[in-house]
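*Asks:*
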Amino acid sequence: MTRQVTRRPSKVQSGPGSTRSMDSNNNKKPVPVKRAKKQRKPNLIASFLLQVLRFSILGVGLGAIAGTVLTVVDPSKLPLHPKPTATNSPNSPTPQPVTPKPTTLVLNENLSSLNQKLQALAVKYPKLQAGALFIDLDNGAYANFRGDTIFAAASTIKIPILVAFFEDVDAGKIRLDETLVATKDVLASGSGDMQYLGLNKTYTALETATKMNVISDNTATNMLIKRMGGKKALNQRFQAWGLTSTVINNPLPDLEGTNTTSPRDLVTILGKVNQGELLSLRSRDRLLNIMQETRTRTLLPQGIEKSADIAHKTGDIGSMLADAGIIDMPNGKRYLGAVMVKRPHNDSNARTLIQQISRTAYQHFKWYQTQPAAKPQPVPQSSPSPSPVVSPSPGN
Numbered sequence: 001m002t003r004q005v006t007r008r009p010s011k012v013q014s015g016p017g018s019t020r021s022m023d024s025n026n027n028k029k030p031v032p033v034k035r036a037k038k039q040r041k042p043n044l045i046a047s048f049l050l051q052v053l054r055f056s057i058l059g060v061g062l063g064a065i066a067g068t069v070l071t072v073v074d075p076s077k078l079p080l081h082p083k084p085t086a087t088n089s090p091n092s093p094t095p096q097p098v099t100p101k102p103t104t105l106v107l108n109e110n111l112s113s114l115n116q117k118l119q120a121l122a123v124k125y126p127k128l129q130a131g132a133l134f135i136d137l138d139n140g141a142y143a144n145f146r147g148d149t150i151f152a153a154a155s156t157i158k159i160p161i162l163v164a165f166f167e168d169v170d171a172g173k174i175r176l177d178e179t180l181v182a183t184k185d186v187l188a189s190g191s192g193d194m195q196y197l198g199l200n201k202t203y204t205a206l207e208t209a210t211k212m213n214v215i216s217d218n219t220a221t222n223m224l225i226k227r228m229g230g231k232k233a234l235n236q237r238f239q240a241w242g243l244t245s246t247v248i249n250n251p252l253p254d255l256e257g258t259n260t261t262s263p264r265d266l267v268t269i270l271g272k273v274n275q276g277e278l279l280s281l282r283s284r285d286r287l288l289n290i291m292q293e294t295r296t297r298t299l300l301p302q303g304i305e306k307s308a309d310i311a312h313k314t315g316d317i318g319s320m321l322a323d324a325g326i327i328d329m330p331n332g333k334r335y336l337g338a339v340m341v342k343r344p345h346n347d348s349n350a351r352t353l354i355q356q357i358s359r360t361a362y363q364h365f366k367w368y369q370t371q372p373a374a375k376p377q378p379v380p381q382s383s384p385s386p387s388p389v390v391s392p393s394p395g396n
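Mapping the sequence shown onto the UniProt record's numbering, position 390 (from 1) lands on 390, and the numbers just tick up by one.
1) For residue 342, count neighbouring C-beta atoms within 10 Å of its own C-beta (all shown protein chains included) and say buried if the count is 16 or more, exposed if not.
2) Between the beta-carbon of residue 339 and the beta-carbon of residue 354, is there less than 7 angstroms?
3) Counting only the same chain and skipping the five closest in sequence on each side, list residues whose C-beta sits under 7 angstroms from that of residue 276.
4) Just to confirm before moving on: does the CB-CB distance between residue 232 and residue 186 stay below 7 angstroms?
5) Is it right to say residue 332 is buried, meaning 16 or more other beta carbons lie within 10 angstroms of its own, or is it exposed?
6) To the nearest angstrom, how far is it from the Cα of residue 409 to the Cα of residue 128?
7) Output the boundary residues of the beta strand (DSSP E) element that contains residue 320.
8) Considering only DSSP beta bridges, list what residue 180 is partnered with.
9) Going by C-alpha to C-alpha distance, which of 322, 335 and 266 sits closest to residue 160?
10) Tell me whether the stretch 211 to 226 and the stretch 180 to 198 touch, counting them as touching only if at least three CB pairs, one residue from each stretch, are closer than 8 angstroms.
11) Where are the alpha helix (DSSP H) runs, 4 residues long or more, that stay fully inside the stretch 228 to 260, in chain order?
12) Using the three-state DSSP reduction, which class does residue 296 fall into: helix, strand or coil?
13) Just mark residue 192 as buried or exposed, buried being the case when its beta carbon has 16 or more other beta carbons within 10 Å.
14) Give the DSSP-derived three-state secondary structure of residue 364 in the structure shown.
15) Kindly indicate which three-state DSSP category residue 122 falls into: helix, strand or coil?
16) By how many angstroms is the C-alpha of residue 181 removed from the C-alpha of residue 365?
17) Count the CB pairs spanning the stretch 112 to 129 and the stretch 161 to 179 that are closer than 8 angstroms, and state whether there are at least three.
18) Is residue 130 a contact residue of the ligand FMN, with contact defined as CB to any heavy atom under 6 angstroms?
19) Throw me the rounded Cβ distance for the residue 303 and residue 359 pair, which I believe falls under 8 angstroms.
20) Can you tell me whether residue 196 is buried or exposed, with buried defined as 16 or more other CB within 10 angstroms of its CB?
21) Note down the Cα distance separating residue 368 from residue 214, rounded to an integer number of angstroms.
22) If you follow the beta strand (DSSP E) that residue 129 is part of, which residue opens it and which one closes it?
23) Report the rounded CA-to-CA distance for residue 157 versus residue 310, giving the unit in angstroms.
24) CA-CA distance, residue 177 and residue 286?
25) Output the boundary residues of the beta strand (DSSP E) element that contains residue 339.
26) I'd like to know whether the C-beta atoms of residue 346 and residue 125 end up nearer to each other than 7 angstroms.
27) DSSP on residue 193, reduced to helix/strand/coil?
28) Verify whether the separation of the beta carbon atoms of residue 121 and residue 292 is less than 7 angstroms.
29) Can you give me the C-alpha to C-alpha distance between residue 337 and residue 253, rounded to a whole angstrom?
30) On the three-state DSSP scale, how would you describe residue 317?
31) Expressed to the nearest angstrom, what Euclidean distance is found between the alpha-carbon atoms of residue 110 and residue 312?
32) Would you give the residue range spanned by the alpha helix (DSSP H) that residue 274 belongs to?
33) Residue 134 and residue 361 - do their beta-carbons sit closer together than 7 angstroms?
34) Could you check if residue 305 is buried or exposed, using at least 16 other CB atoms within 10 Å of its CB as the buried criterion?
35) For residue 307 and residue 154, I'd like the C-alpha separation in whole angstroms.
Quick look at the structure:
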C-alpha cells in the first residue's frame, strides 16, 4: 500500500518588499517584487523663492494701507518735533498757572437820571460819604455814583476771598471735604461763632467757607486766608483779576479798617463770577447759593421786592457800612449793585441811606426800558478818596 504525502507551499522571505514561493517540486516561479518609493528631498531653493514671494505680497498690501492712511492725515499739520512733557523732559520747568488778564467794565448807556436820584439821596445826609455802582446785566446800562472811591472793606473783603476759595477748588488745590483746624493764630473776635467752639476744633473746607459768608465768621475767614497762602498771595490774585483797590493788610476783624476795596471792585468780581470767567459752573452755583443764605438782610434786601432774589455780602464796622450783590428781579432782569458808606461811629443813617439807594435802583431797573445800544464806553473813573480813617466796631 502506497501513502501519498501532500506538501503545502511555504513562503520564504527574500528580503524587504519581496517574497518567493516554494512547492514540493522545487519549481521556481518569478513573483513581482514591490519596492518602496523613495521620498523626494524638499527643494530648498524653491522654498526660499516661495517665502520671498509671500513677503512681497504682504509688503504690497501694507504699503497700500499706509498710503490710504497718509491721504487722510495731512503730514503738514503734524508737529515736526513733539512738545516736551514731564516724562521725556525731566529738566523742564514746572508749568505755572495762567492768571486771567485784568478786564475793564465796558458798558453801554450811562443812566444819568438814576445818577441824579442817587446824588439827591446822598445830599440829604451831609455827614455820610457814599459810593455806589449799579450795572444792568441785560443791556450794559449803568449808574456810577462815586463808585471808584476807596473804602474800608470790613466783611465785604470776604467776597473775593470766597471766589479765590472756589477757584482753588476748581484747580484741585483744595478739597471741599478736607479738614481745617481752628488754631490759636486764626481765632478772631467780632462776628461768627467759631471763636467760641473750641481751640483746635476741626471743620471741613466747605463748612468754613459757608460760615465765612453766611454768618460772616471772622475766624473762618482767617482760616481760609491761611489755607490759601496768606494775604500776599491773595492780594496778587486780586490784582490779576483787575481789582485795583482791594487789599488785605491785616487779619479779620480789622476794626481799624486797613483792608480796602471799592464799589467798582466789588461789582467787578461779582460780574466775573456771573459771566463764568473765574469759576466752573458747579463752583459758581455753590458760591451763589452760599451768598443767598447771608443772614444779615437789613441793607440791600430792604430795597427790593420779596419776590426778588439776592446773593450778597455785607460789611459793617464802626466807621463804614456796605452791601454788594447780584439781584434777580421777578421780571427776569438781573443787575449788580454795590453801596458803601463812610459814617461817623455807628451812625444808623448809613443803614437808612443804603436802603433808600437800593430801593431807588430797584425801581429804576423795574421800569427802565432798554434804549438802543450806544457805542460801548468804559465806565468813567472818579477820583478815589484817601484811605478812610475808621473807629473800632464789631464787623460783619
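In this text, a Cβ means the ideal position worked out from N, Cα and C, and glycines have one as well.
*Replies:* Quick answer:
1) Numbered from 1 along the sequence shown, position 342 holds the residue referred to as residue 342. Buried, because 16 or more other Cβ atoms sit within 10 Å of the Cβ of residue 342.
2) Sequence index remark: in the sequence shown, residue 339 carries index 339 (1-based). Sequence index remark: in the sequence shown, residue 354 carries index 354 (1-based). It is a contact, given that the beta carbons lie within the stated cut-off.
3) Counting from 1 along the sequence shown, the entry for residue 276 is found at position 276. Here the set comprises 284.
4) Along the sequence shown, one-based indexing puts residue 232 at 232. Along the sequence shown, one-based indexing puts residue 186 at 186. Against a cut-off of 7 angstroms, the Cβ pair of residue 186 and residue 232 comes out as no contact.
5) Here residue 332 corresponds to residue number 332 of the sequence shown, with the count starting at 1. Flag for residue 332 reads exposed.
6) Any property of residue 409 remains undetermined from this structure, which presents the chain solely from 1 to 396.
7) Counting from one through the sequence shown, the residue named residue 320 turns up at place 320. Residue 320 -> beta strand (DSSP E) spans 320 to 328.
8) Indexing the sequence shown from 1 puts residue 180 at position 180. DSSP lists 203 as partners of residue 180.
9) On the sequence shown, position 160 is the one that residue 160 refers to. When only C-alpha atoms are compared, the closest one is 266.
10) yes
11) 231 to 240
12) Indexing the sequence shown from 1 puts residue 296 at position 296. DSSP places residue 296 in coil when its eight states are reduced to three.
13) Locating residue 192 in the sequence shown gives position 192, where the first residue counts as 1. Answer is buried; the Cβ neighbour count reaches 16.
14) The residue given as residue 364 occupies position 364 in the sequence shown. Residue state, collapsed to three classes: helix.
15) Along the sequence shown, read from residue 1 onward, the residue named residue 122 stands at position 122. Note: residue 122 maps to helix in three-state DSSP.
16) Counting from one through the sequence shown, the residue named residue 365 turns up at place 365. Counting from one through the sequence shown, the residue named residue 181 turns up at place 181. Rounded to the nearest angstrom, the two C-alpha atoms are 45 angstroms apart.
17) no
18) No copy of the ligand FMN appears in this structure; indeed no ligand is present at all.
19) For the purposes of this step, residue 303 is taken as residue 303 along the sequence shown, with counting starting at 1. For the purposes of this step, residue 359 is taken as residue 359 along the sequence shown, with counting starting at 1. At roughly 4 angstroms, the Cβ-Cβ gap stays under 8 angstroms, so residue 303 and residue 359 are in contact.
20) Taking the first residue of the sequence shown as position 1, residue 196 is located at position 196. It counts as exposed.
21) Translated into positions along the sequence shown, residue 368 becomes position 368. Translated into positions along the sequence shown, residue 214 becomes position 214. Whole-angstrom Cα-Cα distance: 32 angstroms.
22) Numbered from its first residue, the sequence shown carries residue 129 at position 129. Unbroken beta strand (DSSP E) run through residue 129: 129 to 136.
23) Indexing the sequence shown from 1 puts residue 157 at position 157. Indexing the sequence shown from 1 puts residue 310 at position 310. Cα to Cα, residue 157 sits roughly 18 angstroms from residue 310.
24) Here the question's residue 177 lines up with position 177 in the sequence shown. Here the question's residue 286 lines up with position 286 in the sequence shown. Answer to the nearest angstrom: the Cα atoms are 14 angstroms apart.
25) The residue you call residue 339 lines up with position 339 of the sequence shown. From DSSP, the beta strand (DSSP E) with residue 339 extends over 334 to 342.
26) Within the sequence shown, numbered from 1, the residue matching residue 346 stands at position 346. Within the sequence shown, numbered from 1, the residue matching residue 125 stands at position 125. In this structure, residue 125 does not lie closer than 7 angstroms to residue 346 by Cβ.
27) As a first step, residue 193 must be located in the sequence shown, where it is residue number 193. Residue 193 falls in the coil class under three-state DSSP.
28) Looking up residue 121 in the sequence shown gives position 121. Looking up residue 292 in the sequence shown gives position 292. It is not a contact, given that the beta carbons lie outside the stated cut-off.
29) In the sequence shown, the residue the question calls residue 337 occupies position 337. In the sequence shown, the residue the question calls residue 253 occupies position 253. Using only the alpha carbons, I get a separation of about 24 angstroms.
30) Reading the sequence shown from its first residue, position 317 is the one you call residue 317. DSSP places residue 317 in strand when its eight states are reduced to three.
31) Here residue 110 corresponds to residue number 110 of the sequence shown, with the count starting at 1. Here residue 312 corresponds to residue number 312 of the sequence shown, with the count starting at 1. One C-alpha to the other measures close to 24 angstroms.
32) For this step, residue 274 is matched to residue 274 along the sequence shown. Element bounds for residue 274: 263 to 275.
33) Counting from one through the sequence shown, the residue named residue 361 turns up at place 361. Counting from one through the sequence shown, the residue named residue 134 turns up at place 134. Taking 7 angstroms as the Cβ cut-off, residue 361 and residue 134 qualify as a contacting pair.
34) Along the sequence shown, one-based indexing puts residue 305 at 305. Counting Cβ neighbours within 10 Å, residue 305 comes out exposed, since fewer than 16 surround it.
35) Counting from one through the sequence shown, the residue named residue 307 turns up at place 307. Counting from one through the sequence shown, the residue named residue 154 turns up at place 154. So the two alpha carbons sit approximately 29 angstroms from each other.
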